[in-house]
Structures are given as C-alpha cells and as structure tokens.
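In my numbering, the protein residues as written are 26 to 272.
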C-alpha cells in the first residue's frame, strides 16, 4: 500500500501542483512566508523512522531535489518530519500537490517551516548553535530599560520614508510596489514567488532599477501577499520591501 500511495502522488504531476487553488491540498495562506523547508505532520506513527524517511524521500523528490529529511522517533516528535528542498519553488509545488494527500493511511498536513533548517543555514553561512539562538530570543523578550528619546519641542516632524513607487499615504491598491531586488532576479522568479498567494495576475520587472510591480485581482488579495512576503529574504543579505503602488 505504500508503493500505491507513492504512485498515485507521482501521477498528479506538475499541472496540479502549479494550478490547484487553496482548500484541501492547497497552500495555507497564513503569516508564514515561503521556505525551502516543509513541516509535515499527521504521519503514521507506527512506521519505523528509517522506512518513513525513505518513503518521504521517494514521494517528495518527485517535485524537486530534496537535500535533507529530518524525523525523530521520540514520543514528543513522532508523526512529524521536516523535508528540505534545494529551492523554494520546488517546496511550494510539493506543498500544493501533497497537502491533505493520504500517505501511509493518513492524510498529511503540510506547511512552510517557520525557521530555516540547519542544512540550509550551514550552506549560506547563517547557522548558529541552538543554545545561542535561544539565548538571543530570551534577550529580545526582555523589556528595554533605555528611556525613549524625546525630540525637541521645536523640531519639525520628520517625513516618513517610502519607496519611490509606493503610496506615501499607505492607500490600499491591487498593485504592489516591490523594491530591494537583487540584480539577477527576473520576472519568472517573481512570478514563482508571488503567485503562491491567491488572485495573482502578473509581475512586471523594471530593469535597471531593481524594483517591480506585482498585480493582484483586488486590494484584499494584494494585502495578503504584502503581509506574507514583507521582509522575505531573497538572498542572505537582501530583504524585500513591499508597499501598495500609487494609484
């Protein structure tokens, strides 16, 4: 029955992965930005870890290069795994096609992982020991004791910075203005990233300026994409800056 499950999943192909909308088997459009690593849970806990990892590798490699699978046999971590792809687009295709798919007699629940996997962090040079990361998180939670700086009473208010193509008043629009793009980005890459959110229409890259306009069907859908991808790290050094485009 395991082999039957794998063959059924393979038969779905790229067409379903690229065009299936939300809902059962679709992408969870939440606050978690796209990630190379997928969090998979509701897995069959009776399967041995070594066999489970082999089955997951066989299944998920249909959608792109899988560079790591993490699964543990402890009671607290049973029934879940992390699948790491070489790139985000492959992870997205797998999420679209396999979320809700019955695998080893149980429907899988899949979402993007909230953090970067260790193997990816090692590759891009951002890896830190877990203990150090936890200490940094605790430090960030502590209230700041430094008094807030109060500007002089006669000082003129400073104008808020905003992108040249963005709306300084923050008025909602169905078109997003995206800046801080790396030079090597192209319209296909932007399309792969932004079409993961419902209502995507097109991506228009302004060559030579490292900015782009992303159009959605309506303002609400554009706002969802803006919220989900704001600050998304397109490279280890560059984060997306997104605003509603001027009307």
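C-beta: ideal position from N, C-alpha, C; glycine also.
Put simply, the backbone Cα of residue 120 is about 13 angstroms away from that of residue 81.
Per DSSP, residue 69 is not a residue of any alpha helix (DSSP H), being assigned neither H nor E.
For residue 95, the CB contacts under 6 angstroms within the same chain, skipping 5 residues up- and downstream, are 107 in chain order.
The criterion of a C-beta distance shorter than 7 angstroms is not satisfied by residue 140 and residue 59. When 219, 249, 110, 220 are compared, the shortest CA-CA separation from residue 198 is found for 249. Within the same chain, and ignoring the five residues on either side of residue 235 in sequence, the residues whose Cβ sits closer than 6 angstroms to its Cβ are 206. Inclusion of residue 231 and residue 203 in the CB contact set at 7 angstroms is not warranted, their separation being larger than that value. In the three-state DSSP reduction, residue 219 falls in the helix class (H, G or I). Shown here for residue 114: same chain residues with a beta carbon closer than 6 angstroms to its own, the five before and five after excluded, namely 217 in chain order. Contact annotation, residue 91 with residue 145: C-beta distance approximately 12 angstroms; criterion of less than 8 angstroms not satisfied. For residue 111, same chain residues with a beta-carbon under 6 angstroms away, outside a window of 5 residues either side, are 90, 92 in chain order. Of the residues assessed, residue 272 falls on the exposed side of the cut-off, its CB having fewer than 16 other CB atoms within 10 angstroms. Note that the C-beta distance between residue 138 and residue 88 is not below 7 angstroms. Residue 228 is classed as buried because its beta carbon has at least 16 other beta carbons within 10 Å across all chains shown. Secondary structure note for residue 247: its alpha helix (DSSP H) is the uninterrupted segment 244 to 254. Just so you know, the alpha carbons of residue 222 and residue 247 end up roughly 8 angstroms apart. As the crow flies, the alpha-carbon of residue 70 is around 9 angstroms from that of residue 77. The DSSP-derived three-state label of residue 211 is coil. Shortest Cα-Cα distance from residue 126 to any of 243, 68, 143, 72 involves 68. Non-local beta-carbon contacts of residue 131 in its own chain, meaning distances under 7 angstroms to residues more than five positions away in sequence, involve 67, 68, 69 in chain order.
Around the beta carbon of residue 258, fewer than 16 other beta carbons sit within 10 angstroms, so the residue counts as exposed.
Each residue's CA atom was taken as its position, placing residue 134 and residue 226 some 28 angstroms apart. Following the DSSP letters along the chain, one finds residue 268 inside the beta strand (DSSP E) bounded by residues 266 to 269.
The Cβ atoms of residue 270 and residue 210 do not sit closer than 7 angstroms to each other. Rounded to the nearest angstrom, the gap between the Cα atoms of residue 245 and residue 98 is 42 angstroms. One alpha carbon belongs to residue 105, the other to residue 86, and they sit about 18 angstroms apart.
In the three-state reduction of the DSSP assignment, residue 259 falls in the coil class.
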